[in-house]
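Numbering (full-length UniProt numbering), first residue to last: 1 to 112.
Structure, rendered in structure tokens:
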């Protein structure tokens, strides 16, 4: 049986606001840390992620997990770009070949 109440987009964000997790930054110059910063600061859409392994994450996975309404789908695309930028930064620091460039870049890009 399906649960009577599926957590909504708003419920999940309120929970993360009230119970922060995965918060903080690692040393961006560390060769074992990849950093991605993407977005358009002028419209408040900026995301910074530091990850070591997440190239399989797609914006559709993020949108589905968070039950994003259509008007917020750009947030999931921003997250995917940040993940890929962080991974490319990590690989570049380690002398590994970067993934093919899409919208993701290790610097700020405009998406707003």
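Heads up, the beta-carbon is just placed ideally off N, CA and C, and yes, glycines get one too.
Query                                                                                                            : Result
Residue 106 (DSSP reduced to helix, strand or coil)                                                              : Unreliable positioning characterises residue 106 in this predicted model, as indicated by a pLDDT of 41, which lies under 50. The coordinate reading is nonetheless provided below. In the structure shown, residue 106 sits in coil (DSSP, three-state: anything other than H, G, I, E or B).
Residue 10, buried or exposed, once every other Cβ within 10 Å from all chains shown has been counted against 16 : exposed
Distance CB(residue 81)-CB(residue 38) smaller than 7 Å                                                          : yes
Reduced DSSP secondary structure (H/G/I, E/B, other) of residue 40                                               : strand
Helix, strand or coil at residue 46 according to DSSP, with G and I counted as helix                             : strand
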